[in-house]
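Going left to right, the sequence shown walks through residues 1 to 267 as UniProt numbering numbers them.
Note that beta-carbon positions come from the ideal geometry of N, C-alpha and C, so glycine has one too.
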Amino acid sequence: MILPGGPAGEQVEQAVMAEQAGWDAVFVWEAAYGVDAWSLLAAMAVATARVRLGTMLTPLPWRRPWKVASQVATLDQLSGGRAVLTVGLGAIATDLPDTGEVVDRRGRALRLDEGIDLIRALWGGSTSFHGAHYDYECARSDLTEAVQPVQSRIPIWVVARWPRPRSMQRVLRCDGVVPEFDGDGGPAGVRALRGWLAEQGVPAGYDVIAEGETPVDDRVAAADIVTPWADAGATWWLESRWEMPHHTPARMTQIRERIAAGPPEAS
Numbered sequence: 001m002i003l004p005g006g007p008a009g010e011q012v013e014q015a016v017m018a019e020q021a022g023w024d025a026v027f028v029w030e031a032a033y034g035v036d037a038w039s040l041l042a043a044m045a046v047a048t049a050r051v052r053l054g055t056m057l058t059p060l061p062w063r064r065p066w067k068v069a070s071q072v073a074t075l076d077q078l079s080g081g082r083a084v085l086t087v088g089l090g091a092i093a094t095d096l097p098d099t100g101e102v103v104d105r106r107g108r109a110l111r112l113d114e115g116i117d118l119i120r121a122l123w124g125g126s127t128s129f130h131g132a133h134y135d136y137e138c139a140r141s142d143l144t145e146a147v148q149p150v151q152s153r154i155p156i157w158v159v160a161r162w163p164r165p166r167s168m169q170r171v172l173r174c175d176g177v178v179p180e181f182d183g184d185g186g187p188a189g190v191r192a193l194r195g196w197l198a199e200q201g202v203p204a205g206y207d208v209i210a211e212g213e214t215p216v217d218d219r220v221a222a223a224d225i226v227t228p229w230a231d232a233g234a235t236w237w238l239e240s241r242w243e244m245p246h247h248t249p250a251r252m253t254q255i256r257e258r259i260a261a262g263p264p265e266a267s
């Protein structure tokens, strides 16, 4: 379940409700200014015991990668190994106030690639990284040791556009893909993407993420929506409600009702 927003305390309550209702994961979105995603996820970590926790998504080109790495690793420790990091270029129209950040697509893409590499290096215990956009050097190895993740490999999911070659090369460096499609999408697009991943030698367990809405009160209709995606090779269905504003009483009621009804199940 992707929580669309609202006050921090209410979102933590929704995460607890989601775990009780059988959902497998809870994701929150990361804004330039708003309820802080990582503080929120940390609170969820100590209030839950089973659900995976992560962002949908972190606009990595507008973040310091070493800071993101430490936030995710801290979440992984607090949750006992349940953290997921989803990264992307960032949506200029909705996510970015006028703050002077890099907005051209190529500049963001280069920083996204290098940021992923830097985060992986830090999680692997490295104290040194030098790239075209980021330099990191730390003589204090004890700091790195103290924030080692619980998971041997925290999953990084990346938003990528199929079938653009550069975007697809980024996919191969991560553990899952949230696909956007040029042309035909939907389950047919997922099937084509799965075929390409297999050609690249990617293991079948690699995550392919689908996203959408299913009804609250009709489990058969919900199954009819998610089953074609599962049959095409999607491993996760992310239930979302993105319409704005996110935090009205009516929207919070809608989210609680959808959470309480439980996740859709493929037939």
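Q: Within its chain, find whatever has a CB closer than 6 Å to the CB of residue 129; leave out the 5 residues flanking it on each side and keep chain order.
A: 118, 121, 136
Q. Nearest to residue 148 by CA position, among 81, 165, 199, 191, is which residue?
A. For the residues 81, 165, 199, 191, the minimum Cα distance to residue 148 belongs to 81.
Q) CB-CB under 7 Å to residue 267, same chain, minus the five flanking residues each way: which ones, in chain order? A) Answer for residue 267: 223, 227, listed in chain order.
Q | For residue 74, three-class secondary structure by DSSP | A | helix
Q: Name the two residues that bound the continuous beta strand (DSSP E) containing residue 160.
A: 156-162
Q: Count the other CB atoms, across all protein chains shown, that sit within 10 Å of the CB of residue 39; report buried if there are 16 or more and exposed otherwise.
A: exposed
**Q.** Opposing strand residues paired with residue 60 [DSSP bridges]
**A.** The partner list for residue 60 (beta bridge, DSSP) is empty, contrary to what the question assumes.
(Q) With the cut-off set at 8 Å, would you say residue 160 and residue 177 are in Cβ contact? (A) yes
(Q) Rounding to the nearest angstrom, what Cα-Cα distance links residue 93 and residue 101 in this structure? (A) Their backbone Cα atoms lie some 13 Å apart in a straight line.
Q) Is DSSP giving residue 55 helix, strand or coil here? A) strand
(Q) What residue range does the beta strand (DSSP E) around residue 141 cover? (A) Taken as a continuous stretch (DSSP letters only), residue 141 belongs to no beta strand (DSSP E), being part of the alpha helix (DSSP H) at 141-146.
**Q.** For residue 229 and residue 309, the rounded distance between their alpha carbons
**A.** A query on residue 309 cannot be resolved here, the shown segment of the chain reaching from 1 to 267 and no further.
Q: Could you check the C-alpha separation between residue 201 and residue 233 for me, to the nearest Å?
A: 15 Å
Q. If you follow the beta strand (DSSP E) that residue 264 is part of, which residue opens it and which one closes it?
A. Per DSSP, residue 264 belongs to no beta strand (DSSP E) and is neither H nor E.
Q. In this structure, does DSSP put residue 126 in helix, strand or coil?
A. coil
Q) Where does residue 248 land, buried or exposed, given buried means 16+ other C-beta within 10 angstroms? A) exposed
**Q.** Which of helix, strand or coil DSSP assigns to residue 176
**A.** strand
Q. DSSP state of residue 234, grouped into three classes?
A. When DSSP states are grouped into helix, strand and coil, residue 234 belongs to the coil group.
Q. Do you know how far the Cα of residue 42 is from the Cα of residue 48?
A. 10 Å
Q. So what's residue 216 in DSSP terms, helix, strand or just coil?
A. coil
Q. Would you call the CB atoms of residue 275 and residue 51 closer than 8 Å?
A. Any property of residue 275 remains undetermined from this structure, which presents the chain solely from 1 to 267.
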